[in-house]
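All residue numbers for the sequence shown refer to my numbering, where the first residue is 3 and numbers rise by one.
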Amino acid sequence: MSATDSALDAEQMARARRLLERPRRAERMWPVLAAAGFLAVAALTFATAMIMAPPLHTEHAAKGAIE
Numbered sequence: 003m004s005a006t007d008s009a010l011d012a013e014q015m016a017r018a019r020r021l022l023e024r025p026r027r028a029e030r031m032w033p034v035l036a037a038a039g040f041l042a043v044a045a046l047t048f049a050t051a052m053i054m055a056p057p058l059h060t061e062h063a064a065k066g067a068i069e
């Protein structure tokens, strides 16, 4: 009797192994895409606000220097 001979049915053993495997969960992409989209919109909003906001210090620094 060789090592490959077995009293067990190979198809039934393969079926049993498939049944014992943990079911694989598919990874969801929408949370990752939603977070990336939110961060992109937030970055663009802050950049726009920074460009469009008037400067806080409007007086020239050399104008008030002591002569």
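A virtual CB, placed ideally from N, CA and C, is assigned to each residue, including glycine.
Task: Alpha-carbon spacing of Ala45 relative to Glu29, whole angstroms - done: Residue numbering aside, residue 45 sits at position 43 when the sequence shown is read from its first letter. Residue numbering aside, residue 29 sits at position 27 when the sequence shown is read from its first letter. Roughly 27 Å between the two C-alpha positions.
Task: N- and C-terminal bounds of the alpha helix (DSSP H) containing Pro56 - done: Position 54 of the sequence shown, counted from the first residue, corresponds to residue 56. Unbroken run through Pro56: none, as it is neither H nor E.
- [ ] Express the C-alpha separation of Gly39 and Leu24 in angstroms, rounding to a whole number.
- [x] Sequence index remark: in the sequence shown, residue 24 carries index 22 (1-based). Sequence index remark: in the sequence shown, residue 39 carries index 37 (1-based). Checking the sequence shown, residue 24 turns out to be Arg, not Leu. One C-alpha to the other measures close to 33 Å.
Task: Arg17 - DSSP class collapsed to helix/strand/coil - done: For this step, residue 17 is matched to residue 15 along the sequence shown. Arg17: helix per DSSP, three-state reduction.
Task: Leu10 in three-state terms, based on DSSP - done: As a working mapping, residue 10 is identified with position 8 in the sequence shown. In the structure shown, Leu10 sits in coil (DSSP, three-state: anything other than H, G, I, E or B).
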